[in-house]
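Peer 1: My questions will all concern the structure given below.
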Amino acid sequence: MSDLATTARVVWALGARSIRQTFRRPQLISPIVVFPTLLLAIQTGGAGAGVELPGFPPVQSFLQFMLAGSMMQAMMLAGNSGGIAFAVDIEMGFTDRLFAAPIPRFAIVLGRLAGTAALGLFAAVWFLAIGLIFGAEIEGGVAGALLATALITASALAVGGIGAAIALRSGSASVVQGLFPLVLVVLFLSSAFFPQSLMIEPAKTIAEYNPLSFIVEGVREPIISGIDATHTLEAVAAIAGIIVLGLWLSASALRHRLRVG
Amino acid sequence: MEATAIPGWRANLATISALMARSKNELVRVPGAAIPGVLAPTIFFLGLNGVFGALTQLRGFDTASYVSFIVPVSMLQGAGFTGAAAGVNLARDYEKGWVDRLLVSPAPRWVLLAGNVLAASARAFVPAVFVLAIAFALGARWPGLDGLLICFTMVAATAAVAACWGSMLALHFKSQSAAPLMQAGMMGLVLLTPAYAPLALLQPWLEEVASVNPLTEVVEAARQGFVGSVSWSETWPGLVALAGLLLVLGALALREMRRTNV
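Those sequence lines, one after another, are chains Y and F. Each residue of the first sequence is one higher than the one before, starting from 162 at the first, in the working numbering. Each residue of the second sequence is one higher than the one before, starting from 372 at the first, in the working numbering.
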């Protein structure tokens, strides 16, 4: 069997393991599904009248507007959950056994990231389904839904890279778990939950430059109005930037982990 | 020599105090033990204010200051998280065998539960004071001494309700894996109220849910001083709602405690 095929099998096996692990542990799956769904319901019901504010973009409903934010939240929490599970593997010595196996080291990280990306895909499909069930329309049609799903999946891979890097560097699940509030901070400081122009300072200015705002707008546009090349390209650029950062941090942390043992 | 018998009520009081002291020690001795309970409501408070602050421009909003409107909700949310954490800690204590040792002691079951619940009530003041201090720094309205007293009463009692809920689940599932259920349950109870906007501005389905959610009365009672004047008619429904929740969830938690065998 070629090296590439072997690596692909390793990535597949580790990715499948990380997905099974997430669905078997309530503390890993609930942040991805339960909390964002609960918040979607609460924010849609509680702040839904916000669509009447002057300056709010034309939308069918606040639920339609919020879907992208909920997908982003679930995707970021999937990255965090992936990092926690990876750190647990390090704490329990499972990763050490993988390091000793005759497989490329980067495949170990890629396997985890593949699992996180799959969870991002699951989150995107979950929220699109919820939106459709509760009457939200996807203005971009099937192509728009596929684009939003693809962007969320790629974002999960990107954010998962940062989670994996922190897990490798710290080797501690509690350190990665401690990033959970930071996920909320970064989301609140983006246009995930409300139009950036209607936010209050200083959140408004920070959201303007937050890379997550570019991604969320890229995901939201196909849902609320249709596919738009500018928003899509900006989202892709932001995701690419986070992927490069995540891979660089992961590679550096992997070298550190192999050095310190 | 004849041993002097300690009256039962004094022994019970001493046990409750010891359990509360143990909880306080955890705060003081474990670095960062208080941080999650403080951080989450603070982030929600600042985040919601930054994101949804423009909602006050809507007709029907009873204040122009979203900081004032949202701060009691964040304080109650902190109480909910703190109470749920008491349940998580109880599950951890069960996993480590500490609860077994308590159960073989001569202390009545209700005393063991009361120690855990009252400790949560006391700990809820930490996030509440922290969030309130930030709110005042951001210009929240001074609710008056009576308004403040009512708000803190609601916070302490909500933490007790959450601790009963968390303890019930901890003793039922006997695992920290039930933590998300404890936290999500309280988060839902606190936020499925007029948390983000007045009742009349909520979407119809949430308006219906909020109108039957007992925490709505608690939120309104805690909020009254921050958005207007304090009145008994706004206060007593909150007190009744909390008393009812404490009665029901306390009884269920006690039932789980009695069912737990060593």
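All C-beta atoms in this analysis are idealised placements derived from N, C-alpha and C, irrespective of residue type, glycine included. A quick note: this is a predicted structure, and the numbers were derived from the prediction, not measured.
Which residues, taken in chain order from the segment 496 to 517 of chain F, show a beta carbon closer than 9 Å to some beta carbon of chain Y?
Peer 2: Listed by position along the chain: nothing, the set is empty.
Peer 1: Which residues, in chain order, does the segment 340 to 358 of chain Y contribute to contact with chain F at a C-beta distance below 7 Å?
Peer 2: So the list reads Pro342, Leu345, Val346, Phe349, Phe354, Phe355, given in the order they occur along the chain.
Peer 1: Quick one: is Gln204 of chain Y near chain F, going by C-beta distance under 9 Å?
Peer 2: Locating residue 204 of chain Y in the first sequence gives position 43, counting from the first residue. So yes, Gln204 of chain Y belongs to the interface.
Peer 1: Would a check of beta-carbon distances place Gly148 of chain Y closer than 9 Å to chain F?
Peer 2: This structure does not reach residue 148 of chain Y, given that chain Y is present from 162 up to 422, and the question cannot be answered.
Peer 1: For Gly301 of chain Y versus Ser386 of chain Y, is the C-beta distance shorter than 9 Å?
Peer 2: The residue you call residue 301 of chain Y lines up with position 140 of the first sequence. The residue you call residue 386 of chain Y lines up with position 225 of the first sequence. Contact: yes.
Peer 1: Buried or exposed, going by whether 16 or more other CB atoms sit within 10 Å of the CB of Glu605 of chain F?
Peer 2: Position 234 of the second sequence, counted from the first residue, corresponds to residue 605 of chain F. Counting the other CB atoms within 10 Å of its CB gives Glu605 of chain F a total of 16 or more, which places it among the buried residues.
Peer 1: List, in chain order, every chain Y residue whose beta-carbon is nearer than 7 Å to that of Leu562 of chain F.
Peer 2: Your numbering for residue 562 of chain F matches position 191 in the second sequence. Within 7 Å of the CB of Leu562 of chain F, the CB atoms of chain Y belong to Ile203, in sequence order along the chain.
Peer 1: Enumerate in chain order the residues of its own chain whose CB-to-CB distance from Cys535 of chain F is below 7 Å, with the five nearest sequence positions on each side excluded.
Peer 2: Stepping through the second sequence from its first residue, residue 535 of chain F is reached at position 164. Cβ neighbours of Cys535 of chain F within its own chain (closer than 7 Å, five residues either side excluded): Val488, Leu617, Leu620, Gly621, Ala624.
Peer 1: Under 9 Å, Cβ to Cβ, is there at least one residue of chain F near Leu373 of chain Y?
Peer 2: As a first step, residue 373 of chain Y must be located in the first sequence, where it is residue number 212. No - not a single Cβ of chain F is within 9 Å of the one on Leu373 of chain Y.
Peer 1: For the alpha helix (DSSP H) that Ala290 of chain Y lies in, which residues bound it at each end?
Peer 2: Position 129 of the first sequence, counted from the start, is the residue given in the question as residue 290 of chain Y. Segment 266 to 294, the alpha helix (DSSP H) holding Ala290 of chain Y.
Peer 1: Looking at the secondary structure, which residues open and close the alpha helix (DSSP H) in which Met227 of chain Y lies?
Peer 2: Here the question's residue 227 of chain Y lines up with position 66 in the first sequence. Taken as a continuous stretch (DSSP letters only), the alpha helix (DSSP H) holding Met227 of chain Y covers 223 to 252.
Peer 1: Give a yes or no on whether 9 Å exceeds the smallest Cβ distance from Ile361 of chain Y to chain F.
Peer 2: Residue mapping note: residue 361 of chain Y aligns to position 200 of the first sequence, counting from 1. Taking Cβ atoms only, chain F reaches closer than 9 Å to Ile361 of chain Y, which makes this a yes.
Peer 1: Just by C-beta distance, which residues in the segment 409 to 435 of chain F are closer than 7 Å to chain Y?
Peer 2: Leu410, Ala411, Ile414, Gly418, Asn420, Gly421, Val422, Phe423, Gly424, Ala425, Leu426, Gln428, Leu429
Peer 1: Along chain Y, in chain order, which residues have C-beta atoms closer than 9 Å to that of Met558 of chain F?
Peer 2: Mapped onto the second sequence, residue 558 of chain F falls at position 187. Result: Phe196, Leu199, Leu200, Ile203.
Peer 1: For my contact list, Ala592 of chain F and Pro608 of chain F are in at a C-beta cut-off of 8 Å; report their separation, rounded to the angstrom.
Peer 2: Residue mapping note: residue 592 of chain F aligns to position 221 of the second sequence, counting from 1. Residue mapping note: residue 608 of chain F aligns to position 237 of the second sequence, counting from 1. Their Cβ separation, rounded to whole angstroms, is 7 Å, which keeps Ala592 of chain F and Pro608 of chain F in contact under 8 Å.
Peer 1: Answer with buried or exposed for Ile157 of chain Y, where buried requires no fewer than 16 other C-beta atoms within 10 angstroms of its C-beta.
Peer 2: Since the first residue of chain Y shown is 162 and the last is 422, residue 157 of chain Y is not available in this structure.
Peer 1: Beta-carbon of Pro443 of chain F versus every beta-carbon of chain Y: anything under 9 Å?
Peer 2: Walking along the second sequence from the start, residue 443 of chain F turns up at place 72. Not closer than 9 Å to any Cβ of chain Y, the Cβ of Pro443 of chain F fails to qualify, so no.
Peer 1: Less than 9 Å between the beta carbons of Ala334 of chain Y and Leu280 of chain Y, yes or no?
Peer 2: Numbered from 1 along the first sequence, position 173 holds the residue referred to as residue 334 of chain Y. Numbered from 1 along the first sequence, position 119 holds the residue referred to as residue 280 of chain Y. Cβ distance not < 9 Å, so Ala334 of chain Y and Leu280 of chain Y don't count as in contact.
Peer 1: Along chain Y, which residues have their Cβ under 7 Å away from the Cβ of Gln574 of chain F?
Peer 2: Numbered from its first residue, the second sequence carries residue 574 of chain F at position 203. Ordered by position in chain Y, the residues that pass the 7 Å Cβ test against Gln574 of chain F are Thr205, Gly206, Gly209.
Peer 1: Using Cβ-Cβ distances below 7 Å, what residues of the segment 306 to 340 of chain Y are close to chain F?
Peer 2: none
Peer 1: Please decide whether Ser388 of chain F counts as near chain Y, where near means a Cβ-Cβ distance under 9 Å.
Peer 2: Taking the first residue of the second sequence as 1, we reach residue 388 of chain F at position 17. No, its Cβ sits nowhere closer than 9 Å to a Cβ of chain Y.
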